[in-house]
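Just so we're on the same page, our numbering is the position in the sequence shown counted from 1, plus 41.
Backbone N, C-alpha and C fix where the C-beta goes; we use that ideal spot for every residue, glycine too.
Input: a single structure, listed below in structure tokens.
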Amino acid sequence: MRVVTTLPSGTELLASLGIDPVGVSHECDFPPRMADRPAITRSRIDASASSDEIDRQVLEAETDAEGVYEIDCEALEELDPDLIVTQGICDVCAVDERVIERALSRIGPDPEILTTDPSTVGDVLADLRRIGRAVGREERAERVAGELEARLTDLRERTPEEGPRAAVLDWTDPAMVAGHWTPELVAAAGGEYGMADPGDRSTPREWAAIREYDPEVLVVAPCGFELDQTAENRSDLTDREGWDELSAVRDGQVWAMDGHHYVNRPGPRLVDTAERLAEVLDPERFGSPPESVAVPFPALEDLDRRGERQSAGTVHRPS
């Protein structure tokens, strides 16, 4: 079966089933071999810009009939897919089903379209099983889903009943508290997540509300940003009034996490994210997270000085 995906999480879900798509999005980079696959999408946003500039560009693109993303119709037609895996959760984070439907109306292929729209961890596992049925790998999908569920159960059983008050930001200007599956991941990792419930959409929050919540551990994981880009935008938070008064700041418990590969991709690596969050929340019990995934906020200054920019190419704003 010839499968095309329009989002990184779809590519990762397929890869977990032993299926390599014939075409992917411009953002698909895991497993690493996927970076060599033909890309059928392009972004109209400069993803190397600052967080507030990206937000401005996205707002402008959303009022434009062309939108944030475009499809390489010629490449898609040449690939002649039997199945396209796309998404309906956010028209900013990745190409969505409407963009695909418009592209298909102009060209010859008439593939099946499988749309993912997860809000919780359970939804992600359900998508894995749906994709498994669509590509004839139902048994393998059930096995992979079971393994992921077992890892989460094991993690929950190893965490204390009461953990630190935590918050995860998946954008910095405006400041957005991560919703969707993130509350479940933090809970599995042993933290208390009081600013969103499982399934809630990620939304901008007034800085005063974050200060009032006063997280004991704050994880900054902007969608689409690797650590170096978070380093460049850290003043979005550190220059805010009352930053130094947050419990997490006073106690040295502010962490930057790779938001491009973790937290924000609703695929198999959400379980990896929960395990990395456990290391952030309770390093004495679980050990420290790899420096390639998460670092204490002060360490971002070293990244910024080295100037090792690697733009991930994903954008995000309220959805």
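Check	Outcome
C-alpha gap between arginine 291 and cysteine 69, whole angstroms	38 Å
Proximity of threonine 200 and alanine 237 at Cβ, strictly below 9 Å	no
Check whether leucine 189 and valine 260 have beta carbons under 9 Å apart	no
Glutamate 118 vs threonine 82 beta-carbon contact at 9 Å	no
Counted within 10 angstroms of its Cβ, other Cβ atoms place glycine 204 as buried (16 or more) or exposed	buried
Nonlocal neighbours in the same chain, by C-beta distance under 7 Å from tryptophan 248, ignoring five residues either side	Ala216 and Arg281
Test: aspartate 343 CB closer than 9 Å to a CB of chain D	Annotation note: the requested chain D is absent from the structure, which comprises a single protein chain.
Proximity to glycine 187 [Cα-Cα], best of Leu166, Arg97, Glu332 and Leu318	Leu166
Residues that tryptophan 222 bridges to, as DSSP identifies them	The partner list for tryptophan 222 (beta bridge, DSSP) is empty, contrary to what the question assumes.
Serine 84 in three-state terms, based on DSSP	strand
Three-state secondary structure (DSSP) of aspartate 241	coil
Proline 224 versus proline 239: straight-line alpha-carbon distance, rounded	5 Å
Alpha-carbon to alpha-carbon, aspartate 121 and serine 66	15 Å
For leucine 311 and valine 162, believed in contact at Cβ under 8 Å, the rounded distance	6 Å
For aspartate 123, the three-state DSSP class (helix, strand or coil)	coil
Exposed unless 16 or more other CB atoms sit within 10 angstroms - verdict on serine 333	exposed
Reference serine 50, options Asp158, Leu322 and Arg306, closest by Cα	Arg306
Every unbroken beta strand (DSSP E) within the stretch 297 to 336, with a cutoff of 3 residues, ordered by chain	none
Same chain, Cβ closer than 8 Å to methionine 42, five either side skipped, listed in chain order	Ile60, Asp123, Leu124, Val176 and Gly177
Extent of the continuous beta strand (DSSP E) run through valine 260	258 to 261
Residue of Ala228, Ala262, Pro159 and Leu54 minimising C-alpha distance to valine 336	Ala262
Pick from Met298, Glu115 and Gln128 that is closest to tryptophan 13, judged by C-alpha positions	Because the chain here runs from 42 to 360, residue 13 falls outside it and cannot be looked at.
Exposed unless 16 or more other CB atoms sit within 10 angstroms - verdict on proline 73	exposed
Reduced DSSP category for serine 70 - H, G, I as helix; E, B as strand; rest coil	For the sequence presented, residue 70 should be read as aspartate rather than serine. Coil, per DSSP.
Within 9 Å, strictly: CB atoms of serine 243 and alanine 219	yes
Among Ser91, Asp93 and Asp168, the one whose alpha carbon lies nearest that of glycine 129	Asp168
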